[in-house]
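This report refers to the structure that appears directly beneath it.
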Amino acid sequence: METTVKTRLVEVVVPVHNEQRALRESVTRLHGYLTGTFPYGFRITIADNASSDGTWHVARGLAAELPHVRAVHLDAKGRGRALRHVWSASDADVVSYMDVDLSTDLDAFLPLVAPLLSGHSDLAIGTRLARTSRVVRGPRREFISRSYNLLLRSLMGARFSDAQCGFKAARTEVAHALLPAVEDEEWFFDTELLLLAEGAGLRIHEVPVDWVDDPDSRVDVLRTALDDLRGMARVARRTLWGAARLPVPPPVREARLPRGMARQLPRFAVVGVASTLAYLALFSLLRQAVPALTANAVALLVTAVANTAANRRFTFGVTGSAGALRHQVEGLVAFLVGLALTTGGLALLPAGVSHGVELAAVITANALATLMRFLLLRVWVFNPRRRQGR
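Residues 1 to 390 in UniProt numbering are what the sequence shown spells out, letter by letter.
As C-alpha cells, then:
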C-alpha cells in the first residue's frame, strides 16, 4: 500500500480559557476531520491561557491520546497573547487558528490555507459577511459585528470585510514579521494584525464561511467592543505618526509548470530520445565517409524533419494536414539553432581529437539544442493561440 508523504505543515491553534466542557469534543472532531480529509501535514496546538478550571488537564490528556496534538499553557489570559506565543515559535509553513466552539464549518479550512501554501496570498480570513456565507446568529451580535466592520472600513480604510471571525491563517514568515508590531494581547489582536498587513501591502484572501453562533459563548461583547474602539484609536494614532516599515518577506510560490507542459514534457522527451538515437546512429554512419561538420548537418536535418512531425502529432496533439508545411518550415528554425550550437561545439574542438570526444561534444550541444527546440515548438510553432487564429 502506498504511503503519501505530506511535506507541508499547517499549525492549527485552538486558544482556550475555561473550556473544559467543550474542549474534548471539539478537538476530537477537528482531529478526525483533518486526519480524514486534509491533504497536508497538520499540528493542532491547544493554547490554554490561564484557565482556572480543568481545561489544562483535558488539554494534556488530548495531547497524550491523539497524534499531531500538543498542548501549551500560559499563565496570563488573552487570546492574542496565546496566538502570539504559539505562532512566534512555530516551524510550520502556515499558522492558523479557530475558536474552540468550531462555529465555522470545517469544510472552509482547506480553501482558507491553500492560497497561503501556494504563495498566492499572505493572510487568509473567514468572512461571515459575504453574500455566499450562511450565518446563524442573533440580531444583537449581527448588528454589533456589522457596525464594527463598517467602522473599520469607514474610519480606518480597511478593505477586508470581517475582522472578528475566529477563523484565520497566515504564512508563518509573514506572521513572524508582523507579530512584533502588534501590541494588543486580547480580542483586538486579529484586527490589528490585519490592519498592519494591509498597510504593508500584503494580500489578504477571504473565504466565505458557514457559521453558527455558539449560544454558550462567554465573550463580554460590550467590553470587547470598547477595547476594540480603543485599539482602533491607537492604530490610527500610530498610522498618523508614521509606523516603521515592517520587514515583510516576499511570497514563496510553489513551483508550477505552465499549463499543459506536464503532459507535453514526457512526450517530447520520448520523441527526443528516439530522435537522438537516430541522430547518433546516422552521424556515426556518415562520419565514416564525410567530415564531421557535414555528417552533423545531414544527420541533424534528417532527424529534425522526423522530430517535428512526431512532436506535431504526439506531443502537441496537432492532427490533419492543415499547417503541416508551415510547421516544418518553422521547425527548421529550431534546426538552425541546433545546427549552430552543435557546429559551434565541434568547431571549438582542437584538431586531431578522438571520435569519442567529438561524440561527447555533439551530445552536450545537442542537449542545449533540444531545450531550445522544445521552447520554440511550444511557444511559437505549435502555440494553440496561433492554431486558433488569435
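Beta carbons: idealized from backbone N, C-alpha and C, even for Gly.
From a predicted model like this one, the values you see are computed outputs, not experimental measurements.
Residues near residue i in its chain [Cβ-Cβ closer than 6 Å; skip 5 each side]
i	result
Leu34	Phe42
Val14	Ile46, Val100
Ala59	Ile46, Asp48, Ala71
Thr37	none
Thr191	Ala163
Glu330	Val381
Phe374	Phe268
Rounded C-alpha distance that separates residue i from residue j
i	j	result
Val5	Ala177	Since pLDDT at Val5 reaches only 45, below the 50 mark, its modelled position is unreliable, and no value is offered.
Arg131	Ala236	29 Å
Thr343	Ala351	14 Å
Glu378	Gln264	One point to set straight first is that residue 378 is Arg, not Glu, in the sequence displayed. Approximately 9 Å between the Cα atoms of the pair.
Met98	His17	14 Å
Arg128	Val135	6 Å
Leu112	Leu74	27 Å
Ser284	Thr303	14 Å
Leu368	Val357	17 Å
Leu89	Gly32	Position check: residue 89 holds Ala in this sequence, whereas Leu was assumed. If you take the alpha carbons of Ala89 and Gly32, they lie about 25 Å apart.
Val86	Ser161	26 Å
Leu151	Val318	58 Å
Minimum C-alpha distance to residue i - residue among the options
i	options	result
Arg29	Arg378, Asp105, Gly352	Asp105
Ala365	Arg378, Leu376, Ser354, Ala347	Ala347
Ala308	Val298, Ala295, Ala233, Leu376	Here the sequence assigns Thr to residue 308, which means Ala is not the residue at that position. Answer by Cα proximity: Leu376.
Phe188	Asp210, Arg287, His205, Asn149	Asn149
Ala197	Glu186, Val182, Tyr40, Trp211	Val182
Leu117	Leu282, Leu9, Gly320	Leu9
Ile204	Leu325, Pro39, Leu371, Gly126	Gly126
Ala281	Ile363, Leu325, Asp227	Ile363
Ala233	Ala200, Leu371, Leu195, Leu202	Leu195
Val209	Ala124, Arg84, Gly323	Ala124
Asp228	Gln328, Ile144, Glu11, Ala324	Ile144
Gly119	Leu151, Leu102, Ala360, Glu173	Glu173
Ser103	Ala169, Leu193, Ser26, Ala82	Ser26
Phe167	Leu83, Asn311, Arg326	Leu83
Leu202	Trp211, Glu186, Leu226, Ala170	Ala170
Arg24	Leu286, Gly80, Ile44, Leu62	Leu62
Range of the contiguous beta strand (DSSP E) that encloses residue i
i	result
Thr127	123-127
Leu9	9-16
Ala169	167-171
Pro208	204-208
Phe160	Taken as a continuous stretch (DSSP letters only), Phe160 belongs to no beta strand (DSSP E), as it is neither H nor E.
Arg134	134-136
Continuous alpha helix (DSSP H) stretch holding residue i: start and end
i	result
Tyr33	20-37
Tyr148	139-155
Thr315	Here Thr315 belongs to no alpha helix (DSSP H), and DSSP marks it neither H nor E.
Asp190	189-199
Arg84	79-89
Phe42	Per DSSP, Phe42 belongs to no alpha helix (DSSP H); it is in the beta strand (DSSP E), 41-49.
Leu348	Segment: none, Leu348 is in no alpha helix (DSSP H) and carries neither H nor E.
Ser118	109-118
Ala76	No alpha helix (DSSP H) contains Ala76, which DSSP labels as neither H nor E.
Val95	Run containing Val95: none in the alpha helix (DSSP H); it sits in the beta strand (DSSP E), 94-98.
Arg60	55-65
residue 399	Outside the shown range of the chain, which is 1 to 390, sits residue 399, and nothing can be said about it.
Ala289	Note, Ala289: premise wrong, no alpha helix (DSSP H); not H, not E.
Sequence-distant residues of the same chain with beta carbon closer than 7 Å to residue i, five excluded per side
i	result
Thr3	At Thr3 the pLDDT is 43, less than 50, meaning the model places this residue with poor confidence and gives no usable figure here.
Gly138	Asp213
Gly231	Asp184, Phe188, Thr191, Glu192
Residues of its chain near residue i, where Cβ-Cβ distance is below 8 Å and the 5 sequence neighbours each way are ignored
i	result
Leu349	Val357, Glu358, Ala361
Ala244	With a pLDDT of 45 at Ala244, under the threshold of 50, the modelled position of this residue cannot be trusted, and the question is left open.
Arg146	Leu129
* **Cβ pair count under 8 Å reaching 3, the stretch 142-157 against the stretch 51-64** => Output reads no: the stretch 51-64 does not touch the stretch 142-157.
* Any chance the stretch 88-102 sits against the stretch 59-68, with 3 or more Cβ pairs inside 8 Å? -> No, because fewer than three Cβ pairs between the stretch 88-102 and the stretch 59-68 fall closer than 8 Å, the two stretches do not touch.
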